[in-house]
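Each remark here refers to the structure printed beneath this line.
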Amino acid sequence: MPRRTPRNALDTLRTPRGFHGFLKAASVCALIAGVLSPLSPATAAGNTAAEVTAAEAAPNDHCGGQCSDILPPGQNGNATLAQILLNQAFGTQPAHAEDQLGPYANLATGYPGLTNDKINTFFNDASFGVPAGQVASTVRPAGRDDVTIVRDRKTGVPHITGTTRYGTEFGAGYAAAQDRLWLMDLFRHVGRGQLTPFAGGAPANQGLEQQFWRSAPYTEDDLEAQIESAAAKAGERGELALADVDAYVAGVNAYIDASDKGRYFPGEYVLTGHKDAITNSGTIEHFKRSDLIALASVIGSLFGAGGGGEVNNALSLLAAQEKYGVAEGTEVWESFRQRNDPEAVLTQQDGSFPYLPTPDDPQGRALPDAGSVEAEPLVYDRTGSAGAAGATGASAKAADTAVTSARRGMSNALVVSGEHTASGHPVAVFGPQTGYFAPQLLMLQEIQGPGISARGASFAGLSMYVELGRGQDYAWSATTSGQDIIDTYAVELCQDDYHYLYRGTCTPMEKVERHNAWKPTVADSTAAGSYTMRVWRTKYGPVESRATVGGKKVAYTTLRSSYLHEADSIIGFQMLNDPDYLNGPERFRGAVQHINYTFNWFYADSEHTAYYNSGDNPVRANGVDAEFPVWARQAYEWQDWDPAGNTARYTGPSAHPQSVDQDYYISWNNKQAEDYPAASWGNGSVHRGNLLDDRVKKLVAEGGVTRTALVRAMAEAGLADLRAEDVLPDLLKVVESVPVTDPATRTAVDALKAWRSAGGLRTETSAGSKKYAHADAIRTLDAWWLLLVKAEFEPVLGSDLYAAFTRNLPVDESPSAAHGPTGAHAGSAFQYGWWSYVDKDIRSVLGESVKGPLARAYCGDGDLAACRDTLVTTLKEAAGRTAAQVYPGDDNCSAGDQWCADSVIHRTLGGIKHGGISWQNRPTYQQVVEFTSHR
7 MPRRTPRNAL DTLRTPRGFH GFLKAASVCA LIAGVLSPLS PATAAGNTAA EVTAAEAAPN
67 DHCGGQCSDI LPPGQNGNAT LAQILLNQAF GTQPAHAEDQ LGPYANLATG YPGLTNDKIN
127 TFFNDASFGV PAGQVASTVR PAGRDDVTIV RDRKTGVPHI TGTTRYGTEF GAGYAAAQDR
187 LWLMDLFRHV GRGQLTPFAG GAPANQGLEQ QFWRSAPYTE DDLEAQIESA AAKAGERGEL
247 ALADVDAYVA GVNAYIDASD KGRYFPGEYV LTGHKDAITN SGTIEHFKRS DLIALASVIG
307 SLFGAGGGGE VNNALSLLAA QEKYGVAEGT EVWESFRQRN DPEAVLTQQD GSFPYLPTPD
367 DPQGRALPDA GSVEAEPLVY DRTGSAGAAG ATGASAKAAD TAVTSARRGM SNALVVSGEH
427 TASGHPVAVF GPQTGYFAPQ LLMLQEIQGP GISARGASFA GLSMYVELGR GQDYAWSATT
487 SGQDIIDTYA VELCQDDYHY LYRGTCTPME KVERHNAWKP TVADSTAAGS YTMRVWRTKY
547 GPVESRATVG GKKVAYTTLR SSYLHEADSI IGFQMLNDPD YLNGPERFRG AVQHINYTFN
607 WFYADSEHTA YYNSGDNPVR ANGVDAEFPV WARQAYEWQD WDPAGNTARY TGPSAHPQSV
667 DQDYYISWNN KQAEDYPAAS WGNGSVHRGN LLDDRVKKLV AEGGVTRTAL VRAMAEAGLA
727 DLRAEDVLPD LLKVVESVPV TDPATRTAVD ALKAWRSAGG LRTETSAGSK KYAHADAIRT
787 LDAWWLLLVK AEFEPVLGSD LYAAFTRNLP VDESPSAAHG PTGAHAGSAF QYGWWSYVDK
847 DIRSVLGESV KGPLARAYCG DGDLAACRDT LVTTLKEAAG RTAAQVYPGD DNCSAGDQWC
907 ADSVIHRTLG GIKHGGISWQ NRPTYQQVVE FTSHR
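Counting in the working numbering, the sequence shown runs from 7 upward without gaps.
Quick look at the structure:
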């Protein structure tokens, strides 16, 4: 392990881009900086006996030592300049910067031998309080006598205890800044579209600010109004939320002042030119309410906003109709869209929850004329490095990411009712899959105060409440659900390109701009440059693209139900933290109904489990098909829509998928329930949710489920190659429908069969070997998949329609697939891909029963012999490709290094780096819970 010193969108964000060259000439500076940058006082603070006693006295905890959690790489996400330089030069780590990374990584090889008493070898004890003798430090922030922040020795997690509500929230803000100040500052600038002036003009930074500001181009007035509006609608709870926010912000600012005065603020402020290491001149700007809304807009856009992609849907539909005619083309399109595939794995196993049914006679469609769609420019007036090829390429990628429906939808959950467990109490293993960053987007904390009692994870800068975690006798978690809350409208232009018809009146669009300029810093050597980002806003949302419809000039706009409502969910989180309110599954559902983002919520206490799908689902006008753009006319607007505040009629709570005490729940961003489609494509017969469902279903059938068994099921699913487990067997049936005589092909088939028989897992030969068992088979399948999908479908679809469908749904998302929507080294894999298409098509060719088949056969045009020829030819080509060809290498890995190509690497958002770990497809923050009693 590295030596210690005391105390994807985002996947490509780079702050410390220029560190390595700088450090070659900076070793002496590092020693000087060690004197100039003292350590955080939290690591050395003394403890009075009274404070330690208070810290050790755990509140009302009904988990009985059976609650655990983990969040790599570590709790401490702040580092002084000296610590950053030592890390970059010698690999030393600040205390608690990566002490959760090792246990997290080790589960990949340690899970087969897991027992109940070994769970906390791979997880933290998530009991309330700090064990006797384990208090590392106690701080009274800003000298207050109504709150203490106690940190434990093992992980450095803050345990915040307040005697007043204000003091409790003040302490939460102070602790957040202690652990994530630099990250919080980054993201308030991302949310405002002002990252490059703050952190540097690297192309990745340009792309990131463009991606998020395009979808949430808020003014300062917009940001401030949202928190006030959310509070005003919620009565007493709203007033309390506003007071909590103010206290939290005050705590953040108190830490900024203290760290500035004490000169232990994050060293990135020096490296990016905001502070001077010698004179301490420069400013770290105080936080304000609106910063939290800017942060929330980024998080909500990443993980809680399903929908979009209607223009791409229209383009692929038109391509299908051009290829096959309107009737057959529509049938082909619908078979690929799989809105309600009868073979899709479900989270809610019983009942029907109709949402966005396909209308028999669609009304108001505004499909573009062929070749007329042009993306709306965002960036103008480029100067300097903003005009370089890398910068313009980043802009193009950001624009594409912003309009796709294949959004980052991660996280998983396994929940088993007490009827099927060994103890008779429910067991849950669940958590959000939010990517891997250094520092992590989430942070752990325990908060105990008037009306608050919880431990768990929260997004940095939004941690006035625990967002995912446990209370006194219950736990909760979420997965991204992705149902459609985003629609595209075609606004008719009038007068010129910047006026549109709104309910019959020619109305000017609103121009909102950001002018960003940057210059080189130690952290980012990108040459000076600048540009202006310009968004045209309408009452129907920001302009996304332009086209003609039936010869009329239109602008396509995007309207999201959570637009202008980024703060509304605060009330739901407040209720989840309130022990006086939340006393069972019904109150749980009452709390999460207040969360307007699209999530699946799961609950477990000692007696019950529950599930509820949240989100403000707008009720569409009769006859509107939300899959496609519609005219911006009153007849096709959301029902009861008021553009002034972007409010509408939403589907009622009973219309959302939900239940209590189902035998078991699984979720891995799969289809929620029958007749409840997801906005993104790919919810068919093969989904990574099957990897969980198959395993949990088997455990439930056997009975006596334990925490250990459920962790093992999760861990094994997290190492499984979905293609190998659920598609490969039928592919090999076709290949072996005639004896395989070619030696090279026979060798490849035998290797694939041996790997599949061993479980189809991508796992090391032994812990730390950095070599895969069945490496050749894995390499072959990685190469084969892209070849076989193209050869199977493109000859029949034609190149234009095939390309259009690949824009709707990427072909592959294996762990090493840098071309996939998640990117390389991101952990999450096998969410988006053509697995279901291949599965259904191959089964049809084999003559097997297929529910919800594709509209026609593709492999070999439906002929088994021709299909076999296609598969054998592509398999032989794939088997002949070298490791260097399949894994070409990148900034982190040499060509041909298969293990490294898959490995999980924490993207640096600050100055501290961490080494890669073996691939796992697993939540970033994860809980293992089994409550033994109830209040």
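Just so you know, even glycine gets a beta-carbon here, dropped at the ideal spot from N, CA and C.
Buried or exposed (CB count within 10 angstroms, at least 16 for buried), residue i
| i | result |
| --- | --- |
| A444 | buried |
| E291 | exposed |
| S296 | buried |
| S287 | exposed |
| D503 | exposed |
| L29 | For L29, the predicted structure reports a pLDDT of 35, less than 50, and the residue's modelled location is therefore unreliable. A value from the coordinates is still provided. When all chains shown are included, L29 counts as buried. |
| C865 | buried |
| S772 | exposed |
| F96 | exposed |
| E708 | exposed |
| P591 | buried |
| H165 | buried |
| Q926 | buried |
| D699 | buried |
| V497 | buried |
| K281 | buried |
| P118 | exposed |
| V332 | exposed |
Nearest neighbour of residue i, chosen from the options [CA to CA]
| i | options | result |
| --- | --- | --- |
| N130 | N211, L77, V541 | L77 |
| E230 | D252, F218, R566 | D252 |
| T532 | T389, H693, G71, L860 | T389 |
| T161 | D105, Y254, Y778 | D105 |
| L187 | D818, E473, E452, L468 | L468 |
| P360 | A142, R159, D681 | D681 |
| W840 | S834, L860, F594 | L860 |
| T285 | G268, T712, Q72, N676 | G268 |
| N418 | T938, V706, T930 | T930 |
| L960 | R813, F836, G149, V744 | No answer is possible for residue 960: the residues shown for the chain start at 7 and end at 941. |
| A311 | Y180, Q489, C899, G71 | Q489 |
| D521 | S341, A884, Q212 | The sequence shown places His at residue 521, rather than the Asp named in the question. Minimum Cα distance to H521 is reached at Q212. |
| F634 | F218, R343, V304 | R343 |
Contacting residues, own chain, Cβ-Cβ under 6 Å from residue i (five flanking each side not counted)
| i | result |
| --- | --- |
| T18 | Confidence in T18 is poor, its pLDDT being 41 and thus under 50, which makes the residue's placement unreliable; the coordinate value appears in the next sentence. Within the same chain, T18 has close Cβ partners A210. |
| K559 | L499 |
| G52 | Unreliable placement is indicated for G52, whose pLDDT of 38 sits below 50; no coordinate value is reported for it. |
| A953 | This structure cannot speak to residue 953, because the chain is shown only from 7 to 941. |
| H195 | L201, F204 |
| A114 | S924, Q926 |
| P456 | R171 |
| E800 | Y808 |
| R159 | Q140, A142 |
8 Å CB neighbourhood of residue i in its chain, flanking five on each side removed
| i | result |
| --- | --- |
| L324 | L373, P374, A376 |
| P894 | A901 |
| V755 | L738, V741, E742, V746, L881 |
| Y172 | D152, A249, A253 |
| P71 | Inspection of the sequence shows that residue 71 is occupied by Gly rather than by Pro. If we look at G71 and ignore the five residues flanking it on each side, its Cβ neighbours are D131, S133. |
Sequence-distant residues of the same chain with beta carbon closer than 7 Å to residue i, five excluded per side
| i | result |
| --- | --- |
| Y424 | In the sequence on display, residue 424 carries Gly and not Tyr. Cβ within range, chain order: G430, H431, P432, E613. |
>> For the structure I just gave you, are there three or more beta carbon pairs, one from the stretch 842-850 and one from the stretch 862-879, closer than 8 Å?
In response: yes
### Ordered list of alpha helix (DSSP H) runs contained in the stretch 220-265, each at least 4 residues
Every alpha helix (DSSP H) of 4 residues or more that sits fully in the stretch 220-265 is shown, in chain order, as 226-239.
Quiz prompt | contact_flag[the stretch 640-651, the stretch 375-384] where n(CB pairs < 8 Å) is 3 or more | solution = no
Is there contact between the stretch 314-331 and the stretch 659-668, where contact requires at least three CB pairs shorter than 8 Å? no
Mind the definition here: the stretch 600-610 touches the stretch 245-262 only if three or more C-beta pairs lie below 8 Å; say whether that holds. no
_Length-filtered (4 minimum) alpha helix (DSSP H) runs lying within the stretch 89-142_ = 107-116, 125-128
Are the stretch 243-252 and the stretch 216-224 in contact at 8 Å, needing three or more beta carbon pairs? no
(message) Ignoring anything shorter than 3 residues, give me the beta strand (DSSP E) runs that lie fully in the stretch 777-833, in order along the chain.
(response) Segments of the beta strand (DSSP E) lying fully in the stretch 777-833: there are none.
Using 8 Å as the Cβ pair cut-off and three pairs as the minimum, do the stretch 763-780 and the stretch 905-915 touch? yes
In chain order, each alpha helix (DSSP H) run of at least 4 residues that lies wholly inside the stretch 429-500: none
Report yes or no: do three or more beta-carbon pairs, one from the stretch 391-403 and one from the stretch 568-578, lie closer than 8 Å? The stretch 391-403 is not in contact with the stretch 568-578.
* **Start-end ranges of the beta strand (DSSP E) lying completely within the stretch 594-626, minimum 3 residues** => 605-611, 615-620
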